[in-house]
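Below: the structure, in C-alpha cells.
2 protein chains.
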Amino acid sequence: MDGEGIWHGGSLGAARRLFPRAPEPWIDLSTGINPVPYPLPPLSPDLWTRLPEPGAQAALEAVARGAFGAVEGVDVLAAPGTQILIGLLPSLLPPRRVAILGPTYAEHAAAWRAGGHRVTEVADLAAAEGADVVVLVNPNNPDGRLVAPATLHAFAQTHAGLLVVDEAFADLEPGASLCPQLPDDGIVLRSFGKTYGLAGLRLGFALGGAGEGGALVARMRALMGPWAVSGPACAIGAVALADRDWRARAAAARAADAGRLDALLAPHARAPMRGTRLYRLLASEDAPALFARLGRAGIYVRRFGHDPSLLRFGLPAGEEAWARLEAALAFQGPPPHLRHSVRGEKPRH
Amino acid sequence: MDGEGIWHGGSLGAARRLFPRAPEPWIDLSTGINPVPYPLPPLSPDLWTRLPEPGAQAALEAVARGAFGAVEGVDVLAAPGTQILIGLLPSLLPPRRVAILGPTYAEHAAAWRAGGHRVTEVADLAAAEGADVVVLVNPNNPDGRLVAPATLHAFAQTHAGLLVVDEAFADLEPGASLCPQLPDDGIVLRSFGKTYGLAGLRLGFALGGAGEGGALVARMRALMGPWAVSGPACAIGAVALADRDWRARAAAARAADAGRLDALLAPHARAPMRGTRLYRLLASEDAPALFARLGRAGIYVRRFGHDPSLLRFGLPAGEEAWARLEAALAFQGPPPHLRHSVRGEKPRH
Numbered sequence: 002m003d004g005e006g007i008w009h010g011g012s013l014g015a016a017r018r019l020f021p022r023a024p025e026p027w028i029d030l031s032t033g034i035n036p037v038p039y040p041l042p043p044l045s046p047d048l049w050t051r052l053p054e055p056g057a058q059a060a061l062e063a064v065a066r067g068a069f070g071a072v073e074g075v076d077v078l079a080a081p082g083t084q085i086l087i088g089l090l091p092s093l094l095p096p097r098r099v100a101i102l103g104p105t106y107a108e109h110a111a112a113w114r115a116g117g118h119r120v121t122e123v124a125d126l127a128a129a130e131g132a133d134v135v136v137l138v139n140p141n142n143p144d145g146r147l148v149a150p151a152t153l154h155a156f157a158q159t160h161a162g163l164l165v166v167d168e169a170f171a172d173l174e175p176g177a178s179l180c181p182q183l184p185d186d187g188i189v190l191r192s193f194g195k196t197y198g199l200a201g202l203r204l205g206f207a208l209g210g211a212g213e214g215g216a217l218v219a220r221m222r223a224l225m226g227p228w229a230v231s232g233p234a235c236a237i238g239a240v241a242l243a244d245r246d247w248r249a250r251a252a253a254a255r256a257a258d259a260g261r262l263d264a265l266l267a268p269h270a271r272a273p274m275r276g277t278r279l280y281r282l283l284a285s286e287d288a289p290a291l292f293a294r295l296g297r298a299g300i301y302v303r304r305f306g307h308d309p310s311l312l313r314f315g316l317p318a319g320e321e322a323w324a325r326l327e328a329a330l331a332f333q334g335p336p337p338h339l340r341h342s343v344r345g346e347k348p349r350h
Numbered sequence: 002m003d004g005e006g007i008w009h010g011g012s013l014g015a016a017r018r019l020f021p022r023a024p025e026p027w028i029d030l031s032t033g034i035n036p037v038p039y040p041l042p043p044l045s046p047d048l049w050t051r052l053p054e055p056g057a058q059a060a061l062e063a064v065a066r067g068a069f070g071a072v073e074g075v076d077v078l079a080a081p082g083t084q085i086l087i088g089l090l091p092s093l094l095p096p097r098r099v100a101i102l103g104p105t106y107a108e109h110a111a112a113w114r115a116g117g118h119r120v121t122e123v124a125d126l127a128a129a130e131g132a133d134v135v136v137l138v139n140p141n142n143p144d145g146r147l148v149a150p151a152t153l154h155a156f157a158q159t160h161a162g163l164l165v166v167d168e169a170f171a172d173l174e175p176g177a178s179l180c181p182q183l184p185d186d187g188i189v190l191r192s193f194g195k196t197y198g199l200a201g202l203r204l205g206f207a208l209g210g211a212g213e214g215g216a217l218v219a220r221m222r223a224l225m226g227p228w229a230v231s232g233p234a235c236a237i238g239a240v241a242l243a244d245r246d247w248r249a250r251a252a253a254a255r256a257a258d259a260g261r262l263d264a265l266l267a268p269h270a271r272a273p274m275r276g277t278r279l280y281r282l283l284a285s286e287d288a289p290a291l292f293a294r295l296g297r298a299g300i301y302v303r304r305f306g307h308d309p310s311l312l313r314f315g316l317p318a319g320e321e322a323w324a325r326l327e328a329a330l331a332f333q334g335p336p337p338h339l340r341h342s343v344r345g346e347k348p349r350h
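Residue numbers (the numbering used here), protein chains in the order written: chain A, 2 to 350; chain B, 2 to 350.
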C-alpha cells in the first residue's frame, strides 16, 4: 500500500524500493497502459505558451463525441485525466447509498467514501438494485468482466438513480461501450492515456446523459473552469481520437499481444486467464513467489491487497521485453531454503 | 462577453471575429503572460507515456516551496492551472459572506457565487472586516494595486476567517508575496504559466497555512487525486521554478518592457499608467476608439465591461511587435464620417 492506502501500478520508484538489486532498465507491466503509444504529432510552440483557445477544448470534445459514439444530447467534458472526475463527482451529491460492483479499481470507493457516502461493494447489478448510485468499471479492472451495454441500458430503465460507468478500458474492446445509448441518468468516464499510451499527458472525459448525468457533468465543467486541459492535450487528443485507423490497428495488435501473454502465463494459471486487451489477470497459488521472482528480474507486475493469488500483467513493449519476461517466468530460482532474500522485499509503505 | 459572461484575454478567435479584416499575424496583448517563455527543457518520452511517478509531483511541490519562500508547515499543492483551484475552493465551504477586493479578475466572484456564497465587492481591506472570507488578487489585476504583505499579515491576525490571496502576478514583483509569512487561515494561489510564459502547460499552486488554509488545500489535494498535473508540467515546472537566475533576469527585462510600454502609451493616458511588470493599464477617454484602432491593425488588447475607459496591455514579444504597436498608436485613422466599418466590429457574444 502507498501513503493513501491504495495500491497502484505504474510507480517504478516503488518497484526499485522493493527490489533494490534488480537489473535496470525495469520492465513495467504494472499498468494497463498501451505499450505502443500514439505517435506524438508536431506541437506548435503556441500550445505551450498560450492559454488554450476556448474553441480548442470544444473541438477536442466534438472529436471525442464521435470517437465514443455518443449521441446528441449527451454532454462530453474533457478533463486533465479521469482521476479528477472520479474525485469530483461524489463531492457534488448529498449523502447517498452507493453500490460499487467489485472488486474493482479502488479509487471509486475511496472517492465516494471521502465524499461522505455510504458505500457497499456488490457482486453484480442485481445486488445493486436498491442503491441511489451504481458504479461499475466496464470492462472491469482487473478481471475484465464485461456487463453488456444492453444489460446496463435495461438496468437503467428500471433503476431510479445514477449509473456511473468507468470505461477506462473500453476503447479497444468491440461493443463494450454504453456511450451510444447512454441513459439520461448515466455518466460514462473515458480514459485517453491508457488506449493511446500517453498517460503522462493527463486527459480523460466524462459523458453525461440528458438527465441527472448531464447535469452533474455540467457542474464538473463549471468547477474545473476554462483551461483545465493543457494545450498539448487538446491538440494531441483531437488528432489521436480522430484516427480510427490507428485505433483499429491498436485493437488488433493488442489482442494478439494479449493472446501471446496468456500462452506464456498459462502454465502458472490455476484458472483461465481473464482481462482486456491491455492487461491480463493471472490467478495462481504461486502469485506471491512469482511477484518476487519477476521483481528480482526487474519486471514489475501488479498485485492486489484483496487477493494475494492474483497478479495483473500489462503488455510487454517489444521483443526484448518479451524475452526477459519469458526467461523470468521459466527460471525456477534457488530452492526454498536459499530464498531468505525475499524477506527484505516487503513493501515499505 | 463570452458565453460564460466573463471577458477574458487570450482568445484570438474572439479577436478575429471582432476584426475579420485585420492583418495577420495577430499581436496578442490581451493577456498578462510573459511574452518571453522559459526555454523548454528536453522532454523524456516517459513524461508523455507513463503516469507521473508519485515522487514527481512531490518534487515539483518541494521546488515550488523554495521558489515561493514558503515556510515549514505550509502545504504546497500543484494543480493543472490556478483556475481549477479558484473553482474548487468555494465548493468546500458552507455558505459564507465573502468580500472580494475589486474590481478584479472576475472568476473569483463567479466561483464564490456559483458555490452558493454571498459575495460583495469591497474597495479595501477595511471594508472587508466583517466577512467570513476575504479574497484579493495581489498585485491586483488589472490595476496592479499592491497591498503590502505586512499589512495583509497584520489584517489576518485580527480577522477571524479565511484570507485568500491570488498572487498570479507576484513572481516578478519584489517583496509582493505573502508566502514567507502565510497566516494559518490563509491560502495563496500562484500561477506558473504567466511568469514563465507557458500558459498552455496548465500549472498552478495553492499554498495553505497551518490552520484552515492548509486544511482546505488538503481537501483540494484529495479531490484532485494523484496525477492531476501532467508529466511534462511536473518536469518543466521543477526545472523552471528552480532557476532563480532566469527569474531575476525576467523580472529585470519585463520591468524595462513595462517602462517602454508606459512611455508609448503616456500620450493617450489621462492618469499615470498602473499595473505590473507583465501588463500595463491605460485609462483613457478614447479607450473604445483605441481598442478598435488597434484591433483593425491586428493588435488585440484587453477591455473591461465594468469600465470602458480602461485598456490593459500585455508586453509585446519582440521588436517587430513593438514597431507595429507604435505605428498603430500613432495612426490617427480616417476622419469620423468614414469610420462606418466600426459598426460590424461589436462582440458577437
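Backbone N, C-alpha and C fix where the C-beta goes; we use that ideal spot for every residue, glycine too.
All of these numbers come straight from a predicted model, not from anything done at the bench.
CA nearest to the CA of residue i, picked from the options
i, options, result
"A:G226", "A:G74, A:P42, A:A80 and A:L19", "A:A80"
"B:A216", "B:A161, B:S231 and B:D185", "B:D185"
"A:P43", "A:A256, A:A264, A:G238 and A:A318", "A:G238"
"A:A112", "A:V99, A:P317 and A:A124", "A:V99"
"A:T105", "A:L89, A:A132 and A:V138", "A:V138"
"B:A254", "B:L126, B:I188, B:G319 and B:A272", "B:G319"
"A:A59", "A:A229, A:L316, A:P317 and A:P309", "A:A229"
"A:A124", "A:A270, A:N141, A:A16 and A:L41", "A:N141"
"B:G214", "B:F206, B:G201 and B:I188", "B:I188"
"A:G315", "A:A23, A:S12 and A:G33", "A:G33"
"A:L326", "A:F193, A:R261, A:L41 and A:E62", "A:R261"
Cβ of residue i within 7 angstroms of any chain B Cβ
i, result
"A:I370", "No answer is possible for residue 370 of chain A: the residues shown for chain A start at 2 and end at 350."
"A:G117", "no"
"A:E54", "yes"
"A:L48", "yes"
"A:M221", "no"
"A:W228", "yes"
"A:I85", "yes"
"A:L359", "Because chain A is modelled from 2 through 350, residue 359 of chain A falls outside the range shown and cannot be assessed."
"A:P81", "yes"
"A:R255", "no"
"A:L224", "yes"
"A:H350", "Confidence in A:H350 is poor, its pLDDT being 37 and thus under 50, which makes the residue's placement unreliable; the coordinate value appears in the next sentence. Output row for A:H350: interface = no."
"A:R17", "no"
Rounded separation between residue i and residue j - CA only
i, j, result
"A:W49", "B:S92", "29 angstroms"
"B:E130", "A:G88", "34 angstroms"
"A:R222", "A:V77", "10 angstroms"
"A:A115", "A:L94", "12 angstroms"
"A:G70", "B:S231", "27 angstroms"
"B:R250", "B:A219", "34 angstroms"
"A:S31", "A:V120", "27 angstroms"
"A:G212", "A:A161", "12 angstroms"
"B:I28", "A:G67", "34 angstroms"
"A:A270", "A:R281", "11 angstroms"
"B:P21", "B:L199", "27 angstroms"
Within-7 angstroms CB hit, residue i to chain A
i, result
"B:Q58", "no"
"B:L126", "no"
"B:S12", "yes"
"B:L279", "no"
"B:L199", "yes"
"B:M274", "no"
"B:R114", "no"
"B:R203", "yes"
"B:G88", "yes"
"B:R51", "yes"
"B:M2", "In this predicted model, B:M2 has a pLDDT of only 35, less than 50, meaning its place in the structure is not dependable enough to derive any value."
Distance between beta carbons of residue j and residue i, contact taken as under 8 angstroms
i, j, result
"B:R303", "B:A288", "Contact flag wrong, Cβ pair sits at about 11 angstroms."
"B:S178", "B:P143", "Not quite, the Cβ-Cβ distance comes to about 19 angstroms (not below 8 angstroms), so this is no contact."
"B:L279", "B:F170", "6 angstroms"
"A:L147", "A:C180", "No, A:L147 and A:C180 are not in contact; Cβ-Cβ is about 15 angstroms, not under 8 angstroms."
Any chain D beta carbon closer than 7 angstroms to residue i
i, result
"A:R97", "Within the model displayed, chain D is absent; protein chains A and B are what it includes."
Which residues, taken in chain order from the stretch 20-41 of chain A, show a beta carbon closer than 8 angstroms to some beta carbon of chain B? D29, T32, I34, P38 and L41
May I ask you to list, following chain order, the residues of the stretch 231-242 of chain B that have a beta carbon less than 8 angstroms from some beta carbon of chain A? S231, G232, P233 and A234
Select from the stretch 170-195 of chain A all residues with a C-beta closer than 8 angstroms to any C-beta belonging to chain B, and list them in chain order. G194
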